[in-house]
Amino acid sequence: MPTTVFAINGCGSRKDHTPVQCEDFDWSFANSVSLQNALENFSGQIAYHLPSHKLLHVAKFTEISLQPKISQEPVQGPTIFTDGSGRTGKAIVTWRDGSEWQVLEGHDDGSAQLVELRAAVMAFQRFSQQPFNLVTDSAYVADIAQRLGHSVLKDDSNAALFHLLKFLWCAIQA
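Per the UniProt record's numbering, residue 1 is the first one in the sequence shown, and the count goes up by one each step.
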């Protein structure tokens with residue numbers, strides 16, 4: 001059964017079919033001013049059902065959840081400390097390996113935030129194959145690391161920033 005598209009002026013048919021579950025439609029209606037405006041003068045009925053494709057009916061009963069890559073709780077793995085200095089351009093990653101401290105040092109010309117981001121990227125490069133705990137004093141890096149997994153990147157005029165964000169985004173998606 002085809003889905004009827006609601007007209008913006010509210011002149012839909014007497015019975016419209018939406019290919020979503022009732023709860024999803026109710027949430028969308030409560031949270032979308034555009035949908036509320038589109039249905040403002042609608043006086044017909046709304047039926048809820050999925051199209052008749054077999055895969056959609058299987059999907060209805062299949063629960064899918066993505067494992068988050070970011071945890072607010074410590075994970076089993078090394079604790080990695082990162083820091084960066086905008087003044088010197090140094091990006092530092094350090095961690096304890098047995099009884100010795102290990103250090104990676106990098107450099108980036110740019111703002112303090114860019115250098116801090118470089119240090120985080122270096123940590124993700126070094127520990128790409130295992131879970132680790134990242135400790136940073138940069139609210140900028142912490143915020144980006146938490147949000148980037150659910151973000152879409154757009155090419156930026158700052159090529160250095162875009163390169164670092166793209167690498168971090170790919171590391172979090174992997």
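From the three backbone atoms N, C-alpha and C, an ideal C-beta is built for every residue, glycine too.
Since the structure is predicted, the reported quantities are computational estimates derived from the model, not experimental observations.
Proximity below 9 Å, CB of residue i to CB of residue j
i: residue 87; j: residue 119; result: no
i: residue 40; j: residue 84; result: no
i: residue 127; j: residue 80; result: yes
i: residue 103; j: residue 92; result: yes
i: residue 167; j: residue 78; result: no
i: residue 82; j: residue 138; result: yes
i: residue 114; j: residue 164; result: yes
Classification of residue i by the beta-carbon crowding that lies within 10 angstroms, buried from 16 upward
i: residue 1; result: Residue placement at residue 1 is poorly supported in this model, since its pLDDT is 40, which falls under 50; the coordinates still yield a value, given next. When all chains shown are included, residue 1 counts as exposed.
i: residue 151; result: exposed
i: residue 108; result: buried
i: residue 121; result: buried
i: residue 32; result: exposed
i: residue 171; result: buried
i: residue 101; result: exposed
i: residue 29; result: exposed
i: residue 55; result: exposed
Boundaries (first-last residue) of the beta strand (DSSP E) holding residue i
i: residue 134; result: 133-136
i: residue 25; result: From DSSP, residue 25 is part of no beta strand (DSSP E) but of the alpha helix (DSSP H) over 22-31.
i: residue 82; result: 79-84
Extent of the continuous alpha helix (DSSP H) run through residue i
i: residue 167; result: 159-173
i: residue 143; result: 139-147
Opposing strand residues paired with residue i [DSSP bridges]
i: residue 176; result: Since the first and last residues shown for the chain are 1 and 174, residue 176 lies out of range.
inquiry  = I'd like the ranges of any beta strand (DSSP E) spanning at least 3 consecutive residues and lying wholly in the segment 95-125.
reply    = 100-107
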